[in-house]
Structures are given as structure tokens and as C-alpha cells.
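Asker: Protein chains in written order, with my numbering: chain F, 2 to 208; chain S, -8 to 213. Here a beta-carbon is modelled for each residue, glycine too, at the ideal position from N, C-alpha and C. Since the model is a prediction, treat every value here as computed from it, not as a measurement.
#1: Could you list the residues in the segment 159 to 176 of chain F with a C-beta less than 7 Å from some C-beta on chain S, going in chain order?
#2: Taking 8 Å as the CB-CB cut-off, is residue 173(S) touching chain F?
#3: On the CB-based measure, 16 or more other CB atoms within 10 Å of its CB, does residue 73(S) come out buried or exposed?
#4: Starting from residue 46(S), trace the alpha helix (DSSP H) both ways and give me its first and last residue.
#5: Ends of the alpha helix (DSSP H) at residue 187(S)?
#6: Can a CB atom of chain S be found closer than 8 Å to the CB of residue 199(F)?
#7: Cα separation between residue 111(F) and residue 31(S)?
#8: Going by CA-CA distance only, name the one from 98(S), 153(S), 179(S), 162(S) that's closest to residue 143(S).
#9: At 4 residues or longer, what runs of the alpha helix (DSSP H) sit wholly inside the segment 152 to 197 of chain F?
#10: Looking only at its chain, what residues have a beta carbon closer than 6 Å to the beta carbon of residue 13(S), apart from the 5 residues adjacent to it on each side?
#11: Throw me the rounded Cβ distance for the residue 33(F) and residue 46(F) pair, which I believe falls under 8 Å.
#12: Mind listing which residues of the segment 178 to 194 of chain S have their C-beta closer than 8 Å to chain F's C-betas, in chain order?
#13: Taking residue 96(F) as the reference, give the member of 115(F), 38(F), 150(F), 29(F) with the closest Cα.
#14: Starting from the Cα of residue 206(S), find the closest Cα among 176(S), 125(S), 96(S) and give me that residue.
#15: To the nearest angstrom, how far is it from the Cα of residue 43(S) to the Cα of residue 75(S)?
#16: What number of angstroms, rounded off, separates the C-alpha of residue 84(F) from the C-alpha of residue 208(F)?
#17: In chain S, which residues lie with their C-beta within 7 Å of the C-beta of residue 181(F)?
#18: Does DSSP classify residue 46(F) as helix, strand or coil?
#19: Taking buried to mean at least 16 other C-beta atoms within 10 Å of its own C-beta, is residue 52(S) buried or exposed?
#20: With H, G and I counted as helix, E and B as strand and the rest as coil, what does DSSP make of residue 129(F)?
#21: Could you tell me the boundaries of the alpha helix (DSSP H) in which residue 229(S) lies?
#22: With contact counted as at least three CB pairs below 8 Å, one residue from each stretch, are the segment 111 to 121 of chain F and the segment 72 to 91 of chain F in contact?
#23: Please classify residue 168(F): is it buried, with 16 or more other beta-carbons within 10 angstroms of its beta-carbon, or exposed?
#24: Can you name, in chain order, every residue of its own chain whose Cβ lies under 7 Å from the Cβ of residue 8(S), other than the five neighbours on each side?
#25: Rank 153(S), 56(S), 169(S) by C-alpha distance to the C-alpha of residue 108(S) and give the top, closest one.
#26: Comparing the C-beta of residue 192(F) with each C-beta of chain S, is any distance below 8 Å?
#27: Using a Cβ-Cβ cut-off of 8 Å, state whether residue 207(F) counts as contacting chain S.
#28: Candidates 68(S), 36(S), 54(S), 35(S): which alpha carbon is nearest residue 24(S)'s?
#29: Would you say residue 122(S) lies against chain F (beta-carbon separation less than 8 Å)?
#30: Quick one: grab the DSSP three-state call for residue 95(S).
#31: Measuring CB atoms only, is the segment 19 to 34 of chain F touching the segment 56 to 75 of chain F, in the sense that at least three cross pairs come out at less than 8 Å?
#32: State yes or no: is the beta carbon of residue 186(F) nearer than 8 Å to at least one beta carbon in chain S?
#33: How is residue 107(S) classed by DSSP in three states: helix, strand or coil?
#34: Short check: CB of residue 105(F) to CB of residue 197(F), under 8 Å?
#35: Relative to the C-alpha of residue 140(F), which candidate in 212(S), 173(S), 148(S), 186(S) has its C-alpha closest?
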């Protein structure tokens, strides 16, 4: 930041540091909001955000007119930071049991990483394009990954049966069901793992 | 999500046929209360109808036109949208109560019970899906759905347990919980919604998948 101050890019920043400070503060507000999201605060209060970011409440409202606006901006920033972790892992070689274990482990790790983000997203609005894209992307990668990992088992099926089998088998691995098991039923990661492994075994061996 | 989330009372009774209103009736005993109740009911019917028609965010003016109750009165009965949606859900709940019944519960061979159960859940889903979608799209959707659907879910869970009592009877504790959760996965609202989208609303396909899924799980228990 000091180098930017010494090599001002615009006349505005040269006249005073206000623009820089403004951007810095805005950034601090977003970072504080993301930290609160991660701590499980789905709808952080504006004054808490201000305190965390070390800026005045008035400033927070100057950058973000409403709480929705702040939450959306923070979510977007957070999503950009996390995006690399959303990329689907390539399939592994091995017998069916090994592949099921690996696949379920992957999906659960992804769930625990993205659940705080998804919870915020769902509070925002299910119909928000950003939120819809996030969930659509998640579902698409799940289907693709599943198809690649269990090609051997699914390969012999016709299109109709293939769609049916894929939908049935990937259902328990959807975000909302992980959420249901974890939050709704109080299952821990080990129990969830055991449950989804069993599900996949049932479905894939039924083929 | 609106800024006035805090003003929503957490007590659902306060938004349905509330004890307050019942008390009013006893105290005043004139025709006004009866008219108020009739109007309120007409408003809620209109909201449900609009939801069912796919209008997830009906304007108060639309509700007024459809119900024949003035916007002013609507605002008097329901202070804001959330309250209206909430009340509409309780209203709908009372209306669909008879359809929620599962006949011959727990009776007959497993295959028959599975088929009956799947058909019944799809029918319940068809009734509840429009308003559930609407509720979720409104502000404070999390507060709303967790409250109102908590009660529904209890009824539905118990129904599931009763219908497959013979299969689950040998299990207990954590093992039982896990088996129930696993077997019931497809019948969660979000699951049904997901299947509905995946199969483009084809209930035959949904039923086929749900039946198969349930059969796989329950046969393991035997």
C-alpha cells in the first residue's frame, strides 16, 4: 500500500489518501464479514461488522447501503477465494469399495469446507443468480465426478437407467442432505461417512 | 432477508387461529369478530391460491382483488408479508390435514406398503410444494420453514415409522436413527424438489426412484 501511495495512479489519490483509505476500509469490512461467516454468523449485525473491521458503523453503511448488499458482496468475495477448492478431483483407480470410500471422503470434505458459505448463500435468497449458479455448479460437478468415478458400474446402462441410477446414487451426497444429517440429525463426520458409503454400496451393487 | 427479522415472533400460534382471537370472540361476542375471521380466511385462501398459481411473491393488491378484502384490512390483519405467508402456511396446513392421513398404516405386505407410501408422499408433496417454495423465497425463509415445517416433519416422520414398523422393530438407538435417516432420505422436501427438477416434474419417474430406493433400504433390514 505504501508503494501505491508513493506512486499515485490517479490525481484523486494524489490529492489525499481518502480513496485509498476508503478501499482499504471497504476491504476490511468484507474480510471481517467473511470471518464472521466462517465462525457461523450467518447474518452478522452491522455494528458487529464495524467493530470487527475497526471502522465506524457510518462507514459500513457508506460502503454498503443495506445488510443484504454487504452479505452479497462478502459472499461473492469469499466465493472467489474458495473457488479453486471447488474444482472436481480426477477419478482414482481401484476396486469398487476403494472408489466408494475415496469418493465419499472427497464429497464430505467438500461439504465441510463449503457448508458455511452455502448457509450464507441460502439465507441471501435461493433465487439469486449467484446462489443458483453456486448450487447448480455444485450439482453438475457432483454428477460429472460420479459418472467418471463409477464409469465401470454405470457404463452398461442405457440412457434412462443411467439417469435414474445416477440421480438415486448421488441424492444422499447433495448439500441439503449432508446438512440434514449433520445439523438436523446431529451426525458427525464419521457417521455421515459411514452412511453415505453404505448408500453408495447399496446403489452401485444393485446395478 | 429483511432488517426487521427481529420483529417476527417465534410463536407460530400467534399467527394462526390465536388464543387472542378466541378470547376476543368470547369478550365481544358481536358479529365483527366473525366477519373478521371470515375475511382473514378469505385472504389466506387467496394467498394460497396465488402461491399455487406460481406467484411466489403476490402483491397485497392481488390478494385484495382475489379475496374481495380491501388492502387496508389486509394490512390490519397482517402487519407485514412474513406474517401473511406464515399465517397462510398454517391455514393450508389445516386445510390439507385430511390429505395428510395415510390409510391402513403399517398394514399389508412390504411391497404394498412401499407403493402406498410413495404415492401418498408424492400427493402430499404436490399439495405442499407451491407454498413451500413460496415460503422459501420470502424474506427470512429460514425462520419460516424451520418453524412451520418442524410440525409437518414430526407428523411425516412418525408416519414413516408407523408404516414400516415391522422392518424397524428389531432396531434401537443410534442404529435405528441411522437406518431411518438413510431410508427416508428421498422424502425430504429438498430431495423431492431435486427429483422433481431432475425428472422435469415426471411423477412416475420420481415414484419409481423413490420406491426403488426405499425397497433397497428396507430389504437390507430383513
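Answerer: Taking the structure as given:
#1: Those would be 165, 168, 169, 172, 173, 175, in chain order.
#2: Taking Cβ atoms only, chain F reaches closer than 8 Å to residue 173(S), which makes this a yes.
#3: Residue burial is scored here from C-beta neighbours: residue 73(S) has at least 16 other C-beta atoms within 10 angstroms and is therefore classed as buried.
#4: That residue, residue 46(S), is in no alpha helix (DSSP H); it is neither H nor E in DSSP.
#5: Under the DSSP assignment, residue 187(S) falls in the alpha helix (DSSP H) whose first and last residues are 180 to 189.
#6: True, the Cβ-Cβ gap to chain S drops below 8 Å.
#7: Their backbone Cα atoms lie some 47 Å apart in a straight line.
#8: Comparing Cα-Cα distances from residue 143(S) to each of 98(S), 153(S), 179(S), 162(S), the minimum goes to 179(S).
#9: Entirely contained in the segment 152 to 197 of chain F, the alpha helix (DSSP H) runs reaching 4 residues are, in chain order, 152 to 155, 160 to 171, 176 to 180.
#10: The pLDDT assigned to residue 13(S) is 43, lower than 50, so where the model puts this residue is not dependable, and the model offers no usable value.
#11: Contact between residue 33(F) and residue 46(F) does not hold, since the beta-carbon distance rounds to 12 Å and is not under 8 Å.
#12: With the criterion set as a beta carbon lying under 8 Å from some beta carbon of chain F, the members of the segment 178 to 194 of chain S are 179, 181, 182, 185, 186, 189, 190, in sequence order.
#13: Cα-wise, what sits closest to residue 96(F) is 150(F).
#14: Comparing Cα positions, the closest option is 176(S).
#15: Spanning the two alpha carbons is a distance of roughly 15 Å.
#16: The alpha-carbon atoms of residue 84(F) and residue 208(F) are separated by roughly 34 Å.
#17: Among the residues of chain S, those whose CB is under 7 Å from the CB of residue 181(F) are 179, following chain order.
#18: In the structure shown, the three-state DSSP call for residue 46(F) is coil.
#19: Residue 52(S) comes out exposed.
#20: Per DSSP, reduced to three states, the secondary structure at residue 129(F) is coil, with no helix or strand assignment.
#21: Lying outside -8 to 213, the shown extent of chain S, residue 229(S) is not represented and no answer is given.
#22: A contact between stretches requires three or more CB pairs, one per stretch, nearer than 8 Å, and the segment 111 to 121 of chain F meets this requirement with the segment 72 to 91 of chain F.
#23: Buried: at least 16 other Cβ atoms inside 10 Å.
#24: Here residue 8(S) scores only 41 on pLDDT, less than 50, and its place in the model should not be relied on; the value that follows carries that caveat. Answer for residue 8(S): no residue qualifies.
#25: Ranking 153(S), 56(S), 169(S) by Cα distance to residue 108(S) puts 153(S) first.
#26: Residue contact check for residue 192(F) against chain S: a CB pair falls below 8 Å.
#27: Interface with chain S (8 Å Cβ-Cβ cutoff): residue 207(F) is included.
#28: Of 68(S), 36(S), 54(S), 35(S), the residue nearest in Cα terms is 68(S).
#29: Not closer than 8 Å to any Cβ of chain F, the Cβ of residue 122(S) fails to qualify, so no.
#30: Here DSSP, grouped into helix, strand and coil, assigns residue 95(S) to coil.
#31: Touching, yes, given that three or more Cβ pairs across the two stretches are closer than 8 Å.
#32: Closer than 8 Å to the CB of residue 186(F) there is at least one CB belonging to chain S.
#33: Three-state DSSP puts residue 107(S) in a helix.
#34: Closer than 8 Å, so yes.
#35: In terms of Cα proximity to residue 140(F), the closest of 212(S), 173(S), 148(S), 186(S) is 186(S).
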